[in-house]
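In the UniProt record's numbering, the protein residues as written are 1 to 514.
The C-beta atom is built at its ideal place from N, Cα and C for all residues, glycine as well.
Written as structure tokens, this is what we have:
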């Protein structure tokens, strides 16, 4: 019996009369000739698939039967074809046995290797008749031709997106599903696009020749270094023509422009949420999927937000690079806003009263007091509020949920800030400092209220008398003198009060003992 090892490879008596192909086997020549004649001898009974190769038909039929006998022992991957399993296994082992002797290219897939070798032996024989594009594969040329014809046969059922290539549609559909199956094992980065993951992995392995002269940052691309340098130079050459906003990068300016246009092209397929930024949609989708792809290797903490993971990791390293020069405040995301407490800068002004603030979001909150708008309603008790976050906190009073637990005692809280204030009893840490008198507190809201003692701000005024106060809670209690209304009612007895904290104390003291 003749085997591959003892077969004289020079003996290829079966030659094609239309090209240079030759083979040691007649069957191979028959299959090859079908490329010239277009003859397909084997037909699938389930669909229109035809092939000149009986083995190819056997493989194809498994698509219809769903048969996947080849299973990976290290994960849930299954396939109908052994060679696919072999290629998949290389993802676990990292093995790439097929190497090109000409240029060093390596791959785990024999077919990729064969295709690559044609670049050296045959060049790129498939040429576009309309431009200089050449390809080693005819299928690549067919795809390329669609760039000239404008043909886009693959359309999304959920939006107006259409494309010339099926794989692009598959990637696009993952955006609607929130699906990001390609995950970096080094840092948790995930994406819907395999090529994006391949590009990302280079940030961990590739040479980074572009180095910053002012810090240890290095990049694989000059464009990334240029973007980074803006942090040092403060240069912001891109200016918005509408409002004067300045940006360090062109992409940041483009993103900002959507604020004026109102454009929000990224829509959630599961609810009414829409946004101007894809990254925001990606984060939003985690609320539906519950996915938390970013995990701390030190303690197992998981989150849906990469920035949150970065902040969390600093609790292990002790790194606090974003520090206020005037106090102990060291949270990057709020540092710019925090510094305005010391400088007294309050650029955001209410058009209906004298109120000013350092934060636009705080001004938006303040405006609800003038408009009276309270769109968020509790379905359990009718409680209304102008703020979604307040409703979310309120709902926990009905469910009994107290997710924030103290590590030192049995205390638990509905709100994280309440836990932070409680922790000061154990740790003695009070990071919020009044720069005028040295008052310290563990609670940021308490510092805000305290500062009003110095500024004399009395924004909360009674409409029925001359009473005014710096705190809304004090005004609410004062109003009871006029109205007699006690809106906070115990659900287990007839007790009513004008103060929510009194109701909370009542429930703990009276009903928790029952």
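Check the Cα spacing between residue 244 and each of 232, 231, 230 and 259: the tightest is with 259. Only residues of its own chain outside the window of five on either side were considered, and among them none has a CB closer than 6 Å to the CB of residue 75. Taking C-alpha positions only, residue 105 is separated from residue 99 by approximately 6 Å.
By the C-beta criterion, the segment 56-65 is judged to be in contact with the segment 78-95, since at least 3 inter-stretch pairs fall below 8 Å.
Rounded to the nearest whole angstrom, the CA to CA distance from residue 171 to residue 300 is 30 Å.
By the neighbour-count definition (other C-beta atoms within 10 Å, threshold 16), residue 189 is a buried residue.
Non-local C-beta neighbours of residue 357 in its own chain, meaning closer than 6 Å and more than five positions away in sequence, comprise 346, 348 and 363, ordered along the chain.
For residue 49, the three-state secondary structure derived from DSSP is coil. By the CB criterion at 8 Å, residue 365 and residue 376 fall outside the cutoff.
Apart from sequence neighbours up to five positions away, the residues of its chain that approach residue 486 with a beta-carbon distance below 8 Å are 480, 496, 497 and 498, ordered along the chain.
Close CB contacts of residue 182 within its chain, under the 6 Å cut and outside five residues either way in sequence, are with 191, 194 and 197 (chain order).
The three-state reading of DSSP puts residue 164 in coil, since its state is none of H, G, I, E or B.
Rounded to the nearest angstrom, the gap between the Cα atoms of residue 298 and residue 129 is 57 Å.
Taking all protein chains in view, the Cβ of residue 408 is surrounded by fewer than 16 other Cβ atoms within 10 Å, so the residue is classified as exposed. Taking C-beta separations shorter than 7 Å and ignoring five residues to either side along the sequence, the partners of residue 217 in its chain run 228, following chain order. According to the DSSP assignment, residue 480 belongs to the alpha helix (DSSP H) that extends over 472-483. Leaving aside the five residues that flank residue 294 on each side, the residues in its chain whose CB is nearer than 6 Å to its CB run, in chain order, 188, 303, 306 and 309. It is roughly 21 Å from the alpha-carbon of residue 464 to the alpha-carbon of residue 367.
The DSSP-derived three-state label of residue 58 is helix. Look at residue 408 here: in three-state DSSP terms it is coil, with no helix or strand label. In this structure, residue 284 keeps its C-beta atom at 8 Å or more from the C-beta atom of residue 296.
By the neighbour-count definition (other C-beta atoms within 10 Å, threshold 16), residue 442 is a buried residue.
DSSP lists 238 as the bridge partner or partners of residue 247. Bounds of the alpha helix (DSSP H) holding residue 389 are 388-399. Put simply, of 273, 507, 158 and 502 the residue whose alpha carbon is nearest the alpha carbon of residue 491 is 507.
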